[in-house]
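Asker:
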Amino acid sequence: QVQLVESGGGLVQAGGSLRLSCAASERTFRSYAAAWFRQAPGKERELVARIDWSGSITSYADSVKGRFTISRDNAKNTMYLQMNSLKPDDTAVYYCAARVRGYEADYWGQGTQVTVSS
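For the sequence shown, the residue numbers in the numbering used here are 1 to 118.
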């Protein structure tokens, strides 16, 4: 069982940046594809960015391409989401997930709130 803990959320003005971290409790995290999802009030959960086990293959939702960067440090069992040029529409609870298959995952974090003010 892998436990995931997100950190780094908060309140930021439009145009600002935040870096989210996701720390995994087990080394098996290194062998899993992982991803960041987000869910805003009244909206469906959205797959924001995905990364393969090695960190060499990444993909992004069109809404964040060119602004967000997903990465991982397997030596630290940690995944990151660098978010730049933030917009009010990016406001949501952000979740990290591991052992991702499509839009599903076996392991989820508790979520961290990101609020972007205009």
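C-beta: ideal position from N, C-alpha, C; glycine also.
By Cβ distance, which residues of its chain are closer than 6 Å to ALA23, with the 5 residues on each side in sequence left out?
Answerer: Within the sequence shown, numbered from 1, the residue matching residue 23 stands at position 23. Excluding sequence neighbours, ALA23 sits near VAL5 and THR78.
Asker: Is ALA75 helix, strand or coil by DSSP?
Answerer: Position 75 of the sequence shown, counted from the start, is the residue given in the question as residue 75. Helix, per DSSP.
Asker: Output needed for TYR60: all residues of its chain with C-beta closer than 6 Å, excluding positions within five of it in sequence on either side, in chain order.
Answerer: Looking up residue 60 in the sequence shown gives position 60. Closer than 6 Å at the Cβ level, and outside the excluded window around TYR60, lie ALA49.
Asker: Which residues in the same chain have their Cβ closer than 6 Å to the Cβ of THR112, if we skip the five residues on either side of it in sequence?
Answerer: Sequence index remark: in the sequence shown, residue 112 carries index 112 (1-based). GLU6, GLY9 and TYR94, listed in sequence order.
Asker: To the nearest angstrom, report how far apart ILE57 and ALA33 are at their CA atoms.
Answerer: What you label residue 57 is simply residue 57 of the sequence shown in a count that begins at 1. What you label residue 33 is simply residue 33 of the sequence shown in a count that begins at 1. Roughly 10 Å separates the two Cα atoms.
Asker: Tell me whether ASP52 sits in a helix, a strand or coil according to DSSP, three-state version.
Answerer: Counting from one through the sequence shown, the residue named residue 52 turns up at place 52. It is coil, neither helix nor strand.
Asker: For the ligand PLP, is there any heavy atom lying closer than 8 Å to the beta carbon of GLN39?
Answerer: Within the structure as shown, the ligand PLP is missing, as the structure has no ligands at all.
Asker: Where do the N-terminal and C-terminal ends of the beta strand (DSSP E) with ALA14 fall, by residue?
Answerer: What you label residue 14 is simply residue 14 of the sequence shown in a count that begins at 1. It is not in any beta strand (DSSP E) - ALA14 carries neither H nor E in the DSSP assignment.
Asker: Thinking SER17 and ASN84 are a contact (beta carbons under 8 Å), I'd like their distance in whole angstroms, please.
Answerer: If you number the sequence shown from 1, residue 17 lands on position 17. If you number the sequence shown from 1, residue 84 lands on position 84. Right, the Cβ-Cβ distance comes to about 5 Å (below 8 Å), so this counts as a contact.
Asker: Three-state secondary structure (DSSP) at ARG38?
Answerer: As a position in the sequence shown, residue 38 is number 38, starting the count at 1. Strand, per DSSP.
Asker: With distances taken Cα to Cα, identify the nearest neighbour of TRP36 among ASP89, THR69 and ALA14.
Answerer: If you number the sequence shown from 1, residue 36 lands on position 36. Considering only alpha carbons, the answer is THR69.
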